[in-house]
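Notes follow the structure.
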Amino acid sequence: MPGAADRAVIVMSKRPAAGVTKTRLMPELSPQQAADLYECLLRDTLTSLQARSDCTVVIALDSRSSGSYFAELAPGVASVVQVGDTLGERLDAVLSECLGRGFRSVLAISSDSPDLPPAHLDDAFGALDRDDVDVVLGPTEDGGYYLIGWKRRWPSMVTDVTMSTPDVLADTTTIAVSLGARVHLAPGWYDIDVPEDLDRLLQTPAPDRVPASLEFLASL
Numbered sequence: 002m003p004g005a006a007d008r009a010v011i012v013m014s015k016r017p018a019a020g021v022t023k024t025r026l027m028p029e030l031s032p033q034q035a036a037d038l039y040e041c042l043l044r045d046t047l048t049s050l051q052a053r054s055d056c057t058v059v060i061a062l063d064s065r066s067s068g069s070y071f072a073e074l075a076p077g078v079a080s081v082v083q084v085g086d087t088l089g090e091r092l093d094a095v096l097s098e099c100l101g102r103g104f105r106s107v108l109a110i111s112s113d114s115p116d117l118p119p120a121h122l123d124d125a126f127g128a129l130d131r132d133d134v135d136v137v138l139g140p141t142e143d144g145g146y147y148l149i150g151w152k153r154r155w156p157s158m159v160t161d162v163t164m165s166t167p168d169v170l171a172d173t174t175t176i177a178v179s180l181g182a183r184v185h186l187a188p189g190w191y192d193i194d195v196p197e198d199l200d201r202l203l204q205t206p207a208p209d210r211v212p213a214s215l216e217f218l219a220s221l
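If you use our numbering, the sequence shown corresponds to residues 2 to 221, in order.
Structure below.
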């Protein structure tokens with residue numbers, strides 16, 4: 002069975018900052034509250050992933066200067082620095098870096114889906130174990146994806162796509178087809194981007210997986 006040495010799940014992260022982090026949750030939340038919630042989403046996401054024995058968790062730092070913050074937030078968790086001007090360039094860089102470290106399959110996710118069912122990651126990693134799958138995408142309800150994973154570099158799938166639009170998933174799939182890459186879609190889920198998504202989180206079927214986030218929201 003593949004294990005932690007074979008697989009990496011990379012959490013695209015940034016150091017929380019008021020007025021910079023999760024700004025689409027404002028004005029429902031204040032700038033500081035949005036940043037504080039983001040830290041809770043990060044904590045819950047990392048805690049859930051660290052409970053898995055079948056992959057290595059890697060934090061993708063927004064800058065090298067954020068290293069000390071994340072070392073305190075998640076002691077002992079491996080990290081890689083995001084490089085590039087766009088999200089697509091940064092995704093390509095961290096996925097490629099982890100492949101270069103010897104992982105056979107790599108997934109990149111954000112912390113915007115902290116209650117993602119473990120079975121969704123099981124599905125994604127299982128798909129990448131198959132010879133007839135090159136790339137895996139986890140669709141979100143807004144037309145994007147909560148994860149992307151592959152076993153070799155497909156840079157244009159991320160660098161040639163305009164991110165944060167309702168067409169991200171469709172555009173990525175179109176590029177994959179043009180490259181001859183075989184795509185597997187993991188089960189769909191949602192991400193937390195706008196105030197309405199907070200209600201969904203409050204009604205999560207897995208409250209034990211997001212204790213920090215729920216505790217914070219209850220305190221507002």
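Positions of the beta carbon are idealized from the N, C-alpha and C atoms, including for glycine.
Just so you know, these numbers come straight off a predicted model, no measurement behind them.
Separation of residue 93 and residue 49 (C-alpha to C-alpha, rounded to the nearest whole angstrom) is 24 Å. In the three-state scheme derived from DSSP, where H, G and I count as helix and E and B as strand, residue 30 is classed as coil. In the DSSP assignment, the residues bridged to residue 139 are 148.
The beta carbon of residue 32 is closer than 6 Å to those of 19, 20 in its chain, skipping five residues each way along the sequence. Residue 109 sits in a strand when the DSSP states are folded into three classes. If you ignore the 5 residues before and after residue 192, its C-beta comes within less than 6 Å of the C-beta of 113, 114, 141, 147, all in its own chain and listed in chain order.
Residue 220 sits away from residue 45, with the two beta carbons spaced by 8 Å or more.
Around residue 174, the same chain offers 138, 184 as residues with beta carbons nearer than 8 Å, after the five sequence neighbours per side are excluded. Counted as a single uninterrupted DSSP element, the beta strand (DSSP E) harbouring residue 57 occupies residues 57-62.
The stretch 122-135 makes no contact with the stretch 61-68, as fewer than three CB pairs between them are under 8 Å. Residue 217 is positioned such that its CB atom lies no closer than 8 Å to that of residue 47. Residue environment analysis places residue 120 among the exposed positions, since fewer than 16 neighbouring C-beta atoms fall within 10 angstroms of its C-beta. Comparing C-alpha distances from residue 41 to each of 75, 176, 163 shows the shortest one belongs to 75.
The secondary-structure analysis by DSSP pairs residue 80 across a beta bridge with 60. Assignment of residue 221 by DSSP, reduced to helix, strand and coil, places it in the coil class. By the Cβ neighbour-count rule, residue 16 is buried, with 16 or more other Cβ atoms within 10 Å of its own.
For residue 10, the beta-bridge partners assigned by DSSP are 58, 108. Per the coordinates, the alpha-carbon of residue 194 lies some 10 Å from the alpha-carbon of residue 143.
Inside the stretch 175-218, DSSP marks whole beta strand (DSSP E) runs of 3 or more residues at positions 184-186, from first to last along the chain.
Counting the other CB atoms within 10 Å of its CB gives residue 204 a total below 16, which places it among the exposed residues. C-alpha of residue 99 to C-alpha of residue 27: approximately 34 Å in a straight line. Counting C-beta atoms within 10 angstroms of its own C-beta, residue 87 has fewer than 16 neighbours from the protein chains shown and is therefore classed as exposed. Cβ atoms of residue 187 and residue 135 stay farther apart than 8 Å, at about 14 Å. With a cutoff of 8 Å on beta-carbon distance, residue 177 and residue 158 are scored as near each other.
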